[in-house]
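Chains as they are written, first to last, in our numbering: chain A, 774 to 1127; chain B, 774 to 1127.
The structure appears below as structure tokens.
Number of protein chains: 2
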Amino acid sequence: MYNFSAGPAILPQEVFAEASEAVKDFNGIGLSILEISHRSKEFQAVMDEAVALAKELLNVPEGYEVLFLQGGASSQFMMTTMNLLGEGETVAYVDTGTWSAKAIKEAELYGNVNVIASSKEEGYDSIPKGYSVPADAKYVHLTSNNTIFGTQFQSFPDVDVPIVADMSSDIFSRSIDVSKFGIIYAGAQKNMGPSGVTMAIVKKDFVAEPVRKVPTMLNYNTHIGKGSMFNTPPVFPIYVSMLTMRWIKKHGGVDKVDALNTAKADLIYSTLDNSELFYGRAKKEDRSKMNAVFLIKDESLAPAFLEACAAAGCNGVKGHRSVGGFRASIYNAMSIGGVQKLVEVITEFEKANA
Amino acid sequence: MYNFSAGPAILPQEVFAEASEAVKDFNGIGLSILEISHRSKEFQAVMDEAVALAKELLNVPEGYEVLFLQGGASSQFMMTTMNLLGEGETVAYVDTGTWSAKAIKEAELYGNVNVIASSKEEGYDSIPKGYSVPADAKYVHLTSNNTIFGTQFQSFPDVDVPIVADMSSDIFSRSIDVSKFGIIYAGAQKNMGPSGVTMAIVKKDFVAEPVRKVPTMLNYNTHIGKGSMFNTPPVFPIYVSMLTMRWIKKHGGVDKVDALNTAKADLIYSTLDNSELFYGRAKKEDRSKMNAVFLIKDESLAPAFLEACAAAGCNGVKGHRSVGGFRASIYNAMSIGGVQKLVEVITEFEKANA
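Next up, the structure:
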């Protein structure tokens, strides 16, 4: 079975195997990972390794902290602005799709939102370029990869203010220059782990002084000060994320994973570009290496194509309801073999329906 | 191995076995529970069953909704008050320990907090009684069970306003009259499931109109409207909680579990009451059936007693740092056999050190 779901999404099989064992007996201690205290030395070791691996894999510089929080990117939409955006202050947003728009909505509760660029008019088929960040913007927010529309920032803009980025769907898929960012946040449930944990990489200086009184749980400094253990953390999601990071490291780190992701994306997009029946939705230069969104010229054939996918063990290829068509999410853990299988289905379907 | 940890805590062995299998292959569908979409029919069925079981086990009346959220009770401390307590409005708190005090701190951010009763002066050895709720209080907040001090409300006060209760450590341990409550919230990681999910039982009328503009994720109505699926929920913690609720139902429901909990508590407390060396910390009438907190007259013997516990496979008996001594957490999933083993260790240790 090949899992092309957009999220929660495929993780490495060896991670499932080890996690399954830990639910019965964690590291041979005679207790389940689900029942041990988060204050135990066994879990502290998991947390320490998760933080260390994230810092190593993403080359996180001094002055930043890696946090494991709850509530998903949806909670970071408001937590970032609640801490950073004072009344009367301005923040710049780049609008590249549904998730950007949701982030913008939460920011509007706290200050002035300046949407400096948007691809909304073009149906979010691309990443805006050629914009500049106004001098009064405290920071600029962007969504690095857009799962629904299949677009991705190929590189990040050079701007004079810190970037705050939602990297939920492409974290750990490539190297990034963390020093450009004030906060990077990511729900785990694509490349990192199961749902239920959110990673935040925060520049400590940038979040040191919340602009207003914020509740303890929504203050980044609470979690920095307590090593993500102010309250009971989501033990199992953090553990599985740690296992996934170990797997990335074992496979050579994010650059190696990126090379494989590029090969996978090239395979599927070149198939689409050579097709008479299917076509990629996003502009070529902005195509996502995580989510290949594609459409079919003869829409009456869509159900039959999805059946062909299912018959070949390709799961979760149906497109998002707001876009239609198809979506193949090819995150880190998707093998090239899985993509070859899907390409085979596409090619054979096209031949049969020529 | 007997797990007496205060939380994350023991869950039924058959829950671990089934959860472990689901991490490899969920319901025989060929995919892990960790990688399936939260929008899949398979997970929707889990969510629906979890909600239905919670309603059935706790006899939740019409007009209430059961939500599965993130962020723990610590997030509910602020989410309740952010939604309910307008500036200038007053809320009454009963202070029974560390967790009440933390809840009070978050409430102070939003309105006037009237601590109408507290056992702080007595080292939180009891549950306050004989207080009344002032007429201007919008609701009264209490912590039903205090893990650190080993006290528990044996019944809930009859008051003229709704009660908001933190039931993190005794939810599903006994029947409750839900109609007395405006909101009941509980972090899962004691009687309900692994850490990473928080259940909230909310009276829809009570939360219908937030008193201020609140971020989307912190508005109860968001989650009521979307069946706890506004954003990606913590799939695995909800699944394991559902399995645990199934186990409670299979064992006859909360009244049956309560009877067993009473027997377990009676066994350990009667042992302490007959001891020359050990003694229970809390006042007898307020003793918790979830966490038996006890001390030793000769403190120099404490390390040897903990060694004896460990040698007998009794794990996690060390008391909380703020109280010292010992704590046996005997949640639903702790067998009477486990308590008998601990009682044996206590009795033999006392004999050996007479």
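Beta carbons are placed, not taken as given, at the ideal position from N, Cα and C, and that holds for glycine.
Computed from a predicted structure; not experimentally measured.
Using a Cβ-Cβ cut-off of 9 Å, B/ASN1064 does not count as an interface residue toward chain A, since no Cβ of chain A sits closer than that to its own. By the rule that beta-carbons nearer than 9 Å mark a contact, A/MET965 does not touch chain B.
By the Cβ rule, the region 966 to 979 of chain A does not count as touching the region 805 to 816 of chain A, because fewer than three pairs are nearer than 8 Å.
When 8 Å is used as the limit between beta carbons, A/GLN843 is near these residues of chain B: GLN843, GLY844, GLY845, SER848, GLY969 and PRO1007, in chain order. Following the DSSP letters along the chain, one finds B/ALA910 inside the beta strand (DSSP E) bounded by residues 910 to 916. Restricting attention to A/PHE1003, A/PHE1051, A/SER1102 and A/GLY836, the CA atom closest to the CA of A/GLN817 is found in A/PHE1003.
Taking CB atoms only, B/ILE783 has a neighbour in chain A less than 9 Å away.
Within the same chain, and ignoring the five residues on either side of A/ASN919 in sequence, the residues whose Cβ sits closer than 6 Å to its Cβ are THR869 and GLY870. Among the CB atoms of chain B, one or more fall inside 9 Å of the CB of A/LEU807.
Listed by position along chain A, the residues whose Cβ is nearer than 7 Å to that of B/VAL1013 are LEU807.
With fewer than 16 other Cβ atoms from the protein chains shown falling within 10 Å of its own Cβ, A/ALA908 counts as exposed. Residue environment for A/LYS1091: buried (at least 16 other C-beta atoms within 10 angstroms of its C-beta). In the structure shown, B/PHE945 falls within a coil segment according to DSSP collapsed to helix, strand and coil.
A distance below 6 Å between beta-carbons, with the five flanking residues on each side excluded, links A/GLY1086 to the following residues of its chain, in chain order: MET774 and TYR775. Taken atom to atom, the span from the alpha-carbon of A/GLY1053 to that of A/ASP1046 is near 7 Å. Three or more Cβ pairs drawn from the region 919 to 933 of chain B and the region 890 to 898 of chain B lie within less than 8 Å of each other, which places the two stretches in contact.
Contact residues of the region 1091 to 1110 of chain B toward chain A are absent (C-beta to C-beta distance below 7 Å). Counting of Cβ neighbours within 10 angstroms places A/GLY955 among the buried residues, the total reaching 16 or more. Cβ-Cβ distances below 7 Å link A/ILE1011 to VAL819, MET820, ALA823, PHE841 and VAL970 in the same chain, with the five nearest sequence neighbours on each side left out; the list follows chain order. Per DSSP, the unbroken alpha helix (DSSP H) holding A/LEU1040 starts and ends at 1027 to 1046. In the displayed model, B/ILE1069 falls within a strand according to three-state DSSP. Distance from the CA of B/THR1035 to the CA of B/ALA795, rounded to the nearest whole angstrom, comes to 33 Å.
When only Cα atoms are considered, B/PHE926 and A/SER1001 end up about 31 Å apart. Secondary structure of A/SER848 (DSSP, three-state): helix. Burial state of A/LYS1062 is buried, judged by a 10 Å Cβ sphere holding 16 or more other Cβ atoms. The residues LEU1050, PHE1051, ALA1075, PHE1078 and GLY1098, in chain order, have a CB closer than 7 Å to that of B/ILE1069 in the same chain once the five nearest residues on each side in sequence are set aside. Under the three-state reduction of DSSP, B/TYR1104 is assigned to coil, being neither helix nor strand. Residues of chain B whose Cβ lies closer than 9 Å to the Cβ of A/GLY1000 do not exist; the shortest such Cβ separation is about 15 Å. Below 8 Å, too few C-beta pairs join the region 1103 to 1116 of chain A and the region 928 to 945 of chain B to call them touching: fewer than three.
B/GLY966 has its alpha-carbon roughly 15 Å from the corresponding atom of B/PRO1006. CA-to-CA, the gap between A/LYS878 and A/LYS977 works out to about 25 Å.
Annotation: A/ASN918 has no Cβ neighbours in chain B at a cutoff of 7 Å; minimum Cβ distance is about 16 Å. Taking C-beta atoms under 8 Å as the contact rule, B/VAL788 and B/LEU1033 fail to qualify, at a distance of about 17 Å. Annotation: B/GLU860 to B/ASN885 spans about 8 Å, alpha carbon to alpha carbon. DSSP places A/ILE877 in the helix class (H, G or I) of the three-state scheme. Rounded to whole angstroms, the gap between the alpha carbons of B/LYS999 and A/GLN849 is 19 Å.
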